[in-house]
Structure formats: structure tokens, C-alpha cells
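Note that the protein sequences, when read in sequence, are chains A and B.
This note's numbering numbers the first residue of the first sequence as 1 and each following residue consecutively.
This note's numbering numbers the first residue of the second sequence as 1001 and each following residue consecutively.
Using N, Cα and C, we set each Cβ at its ideal position, and we do this for glycine too.
Step one of this worksheet: look at the structure below.
Number of protein chains: 2
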Amino acid sequence: MDDAYINIRTSDPSEIEKESFAIISSELEHMQVLINGDIPVESAGERNKITQVIKRCIHTTADFDYAKTMYFTDGAVGVLEGLIRGGAVIVTDTNMALAGINKRELAKYGCSAKCYMSDEDVVREAAARNMTRAAVSMERAMKSYGDVIFVIGNAPTALIALREHYDSGDYVPSFVIGVPVGFVNVTASKELIMGTDIPCIVNTGRKGGSNVAAAVMNAVLYGMR
Amino acid sequence: MDDAYINIRTSDPSEIEKESFAIISSELEHMQVLINGDIPVESAGERNKITQVIKRCIHTTADFDYAKTMYFTDGAVGVLEGLIRGGAVIVTDTNMALAGINKRELAKYGCSAKCYMSDEDVVREAAARNMTRAAVSMERAMKSYGDVIFVIGNAPTALIALREHYDSGDYVPSFVIGVPVGFVNVTASKELIMGTDIPCIVNTGRKGGSNVAAAVMNAVLYGMR
């Protein structure tokens, strides 16, 4: 079954979403993909939360590879929920990821989301210091707020900057969603974050993207409703 | 080779992009994927343009399936270039796709990009008429402008609305980029557009997304530089 055609006249996206998730669940069973077989999971509750994140990434991409490649630190989703309840600031590395995150859900917890990539002074500083705008954006976020949830769907240099500041001992991110996509430095930059004790959700390998970054954030937000 | 690690200090994204496209080209050759084997192509120039669009979709997703599933009507990229040169209006079905399209390139041709999904009167009208916001957005676009390039990365109902108006004889879209992602109505909605004489670029099957929609638009814009 490649496509379910339920009712073209429906004006209820939640009905379509429910049907979509049923298809995803059914096909994952059919593929006998054991989600999170080797992921450290504290409890059945956390395992269920992880599964919801992975399913939303598949929902966003129609790509079942995400069932095999996503990495969660122990209790990651619970940590993220706690940060959201505490009103953490979300900082993205693309305006696309920013556009994709559900602001109405964020507002329930007093959270806000920011992206500095188009800020003129970030552009200027990046040129002056021979850095990427993404790396400068990360530094801006580190300086500006307490708890920051870094949502990275594009720039390996964002993850690399976070690791460098972690290594130098001057900053430990509260949480990193690390899902850049691409062919150069991408896999390595994800491994740099996974090689720390920073709480994180990462999609290992090449795949990811701004849409996936937003999907991870939204999956956690929807799980809190 | 899963990941090329060229220089984490580079601040030149164009260097990384060039390397990424070289990797994509090399792997496509290695996979012996014959891009566009069965696509009607007028000329070598058009074939080259199609290849650039497909490669940018792979660049955006790290998913080589796009080499096998994308569909282009005859001369599609040339038609799109002509519309852009003529200052057509781009209308998207998500704010994410809108965020991802390169506005600086669009501005060179006097083009603008719009998304009506969050407009209050669209939300109101959709509820009143029991339609999706995406379908109402399409009608809004049809009424408001001359040449519209419809860039659809999410909502099957957007493509279905375009087909219904086409069938009723009251509107023929100048161009449709039809790459919704998902499991319900998605494949069918794409086939509805492919079953007309509307110039289009479609990714057949389930895959696509707002990021892919923006990538198709940007690939064409970058090819015009």
C-alpha cells in the first residue's frame, strides 16, 4: 500500500495525521524494525517517547531510515520536556527550522524560538572573524540566555562550535538536537556531540534537515499535551 | 565514504557545497543511476537543468531516491525560468517552504513569494467552508495574481484544489512544483497534477517536503545565475 486515499474533502488534518501514524506503525512492524534496539532507555515511558519522535521524523520525510539511525542520550526526551517546562529558549540554525516549530505549543510554556542567521551583525561578525554565520549564531545564543535548546538542522559548524566551547570548558549546552543533513563534515560533527555528556538527540549519518529538526522539537511538544 | 571532512574552520559555505555536489555526482555514477532515463527531454541543455534540480534535492535530503522518482514535464525547467524572468509570484503551502526559498535571487527578477497559511481570513474561510487552509490558499492565489508558480511541499489538498479548478475550466496554473510528503492522499494528489497538461515538477510517491519544495525552486534560481 503506497498511499491511503481516505477523503479528499476532509478539512481535518488531525484525521489525516492519525491515519498516517497508523500506516507508519504498521509498516514499521511489517519491516520488523525494532526501534531503539540498542538505545539506552530508562523506562517504558521514555521508550514510548523516543518512538514518537522517530515516527514524527518518518512522518516528515516518508523515510523509514530514521527508525535505524536516530540516537538519544539516556532520558533525553524527559530532559527536553523539563527544559521546555522551565521556559528554555530554542535557537535554530535556519529560518526554515524556526518556521517549522510550533510556536503556539511553545508559548504554552513561555518558551520562545530564535534564529540569528539573517541578523546583520552576525553576518558582519562572521565575515570579520572568518567563521560561519552558524558558528557565530551559537556564540550569540550562549551569551544571551540561560537554558538554550540548540536545534541544528543544517550547519555542521554549529555543532562544531558547540563542541569547541564545551572542550574549552566555558560552556555546556543544556540540550542539542543535532540533525544537520549533508555530505561534508556532517557525520563527523554529529559524532563530536555524541562524544560528550551533553544531553542530545542526533540522527547519525548524513540525513536530517531543517524539517527533521523542527519535527523532533514538535514531536516532544505534542507528546507534552 | 560516508562523510568528507574537509576543513572545519572554513567559513565558505560555497566550498562545502561544491564538494558536496562532487560527492553526489560521484555516488550517482557509482550507483549507475541513470537520471531521467525515461523523462522526455528536449535537449541536452534541459537534461542538464533537470540533473541540477535532482542533485539539489539529494543535497537537501541526503536521499538518493530522488534520482529515481522525480518527474518533469517536457521543457519544465525552461518554462519555470521564463516565468521567473517574467516576474511571476511564488505561492507556497507552508511557511517553511517560504523561509527556504532564496529571496535575494527572486528579487533579481522582481519576483515575490507568499504563503497564506497563517492568514486569519484564510483560517476563517477554511473553517466556514469545511476546506483545508491549503485549498483556500490556492484559491486566494488564483484570484490575486497573473502568473503564479505553486510550490507545494506539504498539502495534498493544495494539489487537489488546483486539479479541481483545472477540471472545472476556470483556472490553469502556469506551473506547479508538487512535492508533498506523506502517507495519505499524497501519491494520488501528485498523479492528479501529472494527469493534466499543466507544466510541473513532481516527486512521485510519498517523499518530498517543504525543504524539497524550496530546493527545487532554488535549484532553478541558481541555474539562472
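Can you grab the Cα-Cα spacing for the pair residue i / residue j, in whole Å?
i: A/A213; j: B/V1151; result: 21 Å
i: B/S1014; j: B/I1024; result: 15 Å
i: B/T1196; j: B/K1190; result: 11 Å
i: B/D1167; j: A/R225; result: 41 Å
i: A/V89; j: A/S174; result: 10 Å
i: A/A67; j: A/Q52; result: 11 Å
i: B/C1200; j: A/V202; result: 35 Å
i: A/L106; j: A/I84; result: 8 Å
i: B/E1027; j: B/A1062; result: 11 Å
i: B/K1143; j: B/K1055; result: 34 Å
i: A/N130; j: B/C1111; result: 32 Å
i: B/Y1109; j: B/K1103; result: 10 Å
i: B/V1123; j: B/I1193; result: 25 Å
i: A/Y71; j: A/E17; result: 24 Å
i: B/T1073; j: B/N1218; result: 18 Å
i: A/H165; j: A/A127; result: 20 Å
i: B/A1044; j: A/R163; result: 46 Å
i: A/D12; j: B/M1117; result: 15 Å
i: A/Y230; j: A/A215; result: No information on residue 230 of chain A is available, as it lies outside the stretch 1 to 225 that chain A covers here.
i: A/V148; j: A/R47; result: 24 Å
i: A/E29; j: B/R1140; result: 42 Å
i: B/S1087; j: B/G1075; result: Ser is not the amino acid found at residue 1087 of chain B; the sequence shown has Gly there. Roughly 19 Å separates the two Cα atoms.
i: B/E1019; j: B/E1120; result: 44 Å
i: A/A113; j: B/M1031; result: 41 Å
i: B/Y1145; j: A/Y145; result: 44 Å
Who are the near neighbours of residue i in its chain, counting only those whose CB is closer than 7 Å to its CB and skipping five residues on each side?
i: B/Y1206; result: This sequence places Arg at residue 1206 of chain B; Tyr is not what is there. Same-chain partners within the cutoff: V1181, G1182, F1183, V1186 and T1187.
i: B/S1210; result: T1094, M1096, A1097, G1100, G1153 and N1154
i: B/D1170; result: none
i: A/F21; result: K55 and H59
i: B/D1065; result: K1207
i: A/T132; result: A126, A155 and T157
Leaving out five residues before and five after residue i in sequence, what residues of the same chain have Cβ atoms less than 6 Å from its Cβ?
i: B/A1158; result: D1093, A1134, M1138 and I1152
i: B/I1198; result: P1173 and V1176
i: A/A161; result: A135 and M138
i: B/V1179; result: G1153, N1203, G1208, V1212 and A1213
i: B/C1057; result: Y1066, V1212 and A1215
i: B/C1115; result: T1092, N1095 and L1098
Name the chain B residues that come within less than 7 Å of residue i, Cβ to Cβ?
i: A/N95; result: A1099
i: A/G209; result: T1060, T1061 and N1211
Near residue i, what residues of its chain come up, given a Cβ to Cβ distance below 8 Å and the 5 sequence neighbours on each side ignored?
i: A/V220; result: K49, V53, V77, L80, E81 and I84
i: B/T1069; result: N1203, T1204, G1205 and K1207
Residues of chain A with a CB under 7 Å from the CB of residue i: which are they?
i: B/S1020; result: G182, F183 and V184
i: B/I957; result: Since the displayed chain B opens at 1001 and closes at 1225, residue 957 of chain B lies outside it and no answer follows.
Report the neighbours of residue i on chain A: residues whose CB is nearer than 9 Å to its CB, in chain order.
i: B/T1051; result: Neighbours of B/T1051 on chain A: none; closest Cβ ~17 Å, over 9 Å.
i: B/I1152; result: By Cβ distance, chain A contributes nothing, its closest Cβ being about 15 Å from B/I1152, past 9 Å.
i: B/I1198; result: In chain order: nothing, as chain A lies at least about 18 Å away.
i: B/T1092; result: Neighbours of B/T1092 on chain A: none; closest Cβ ~10 Å, over 9 Å.
i: B/I1024; result: F183
Quick one: does the C-beta of residue i sit closer than 7 Å to a heavy atom of the ligand HEM?
i: B/F1150; result: The ligand HEM is absent from the structure shown, which contains no ligand whatsoever.
Check the Cβ of residue i against every Cβ in chain B and list those closer than 9 Å, keeping chain order.
i: A/T73; result: Simply none; closest approach about 21 Å.
i: A/T69; result: In chain order: nothing, as chain B lies at least about 11 Å away.
Could you name the residues of chain A that residue i contacts, counting a contact when the two beta carbons are closer than 8 Å?
i: B/I1193; result: In chain order: nothing, as chain A lies at least about 13 Å away.
At a CB-CB cut-off below 8 Å, which residues of chain B make contact with residue i?
i: A/I54; result: Chain B residues near A/I54: none, gap ~15 Å exceeds 8 Å.
i: A/I201; result: Going along chain B, no residue has its Cβ under 8 Å from A/I201, so there is no contact; the nearest lies around 18 Å.
i: A/I84; result: Neighbours of A/I84 on chain B: none; closest Cβ ~21 Å, over 8 Å.
Could you check whether the Cβ of residue i sits closer than 8 Å to any Cβ belonging to chain D?
i: B/R1056; result: Here chain D cannot be found, since the structure's protein chains are A and B.
Can you check the stretch 128 to 199 of chain A for any beta strand (DSSP E) of at least 3 residues that lies completely inside it and give the ranges in chain order? Correct list: 148 to 152 and 175 to 178.
When Cβ atoms are compared, which residues of the stretch 159 to 177 of chain A fall closer than 8 Å to chain B? The stretch 159 to 177 of chain A vs chain B, Cβ under 8 Å: I160.
Which ranges would you report for the alpha helix (DSSP H) in the stretch 1026 to 1102 of chain B if only whole runs of at least 4 residues count? Runs of the alpha helix (DSSP H) inside the stretch 1026 to 1102 of chain B: 1044 to 1061, 1066 to 1069, 1076 to 1085 and 1095 to 1100.
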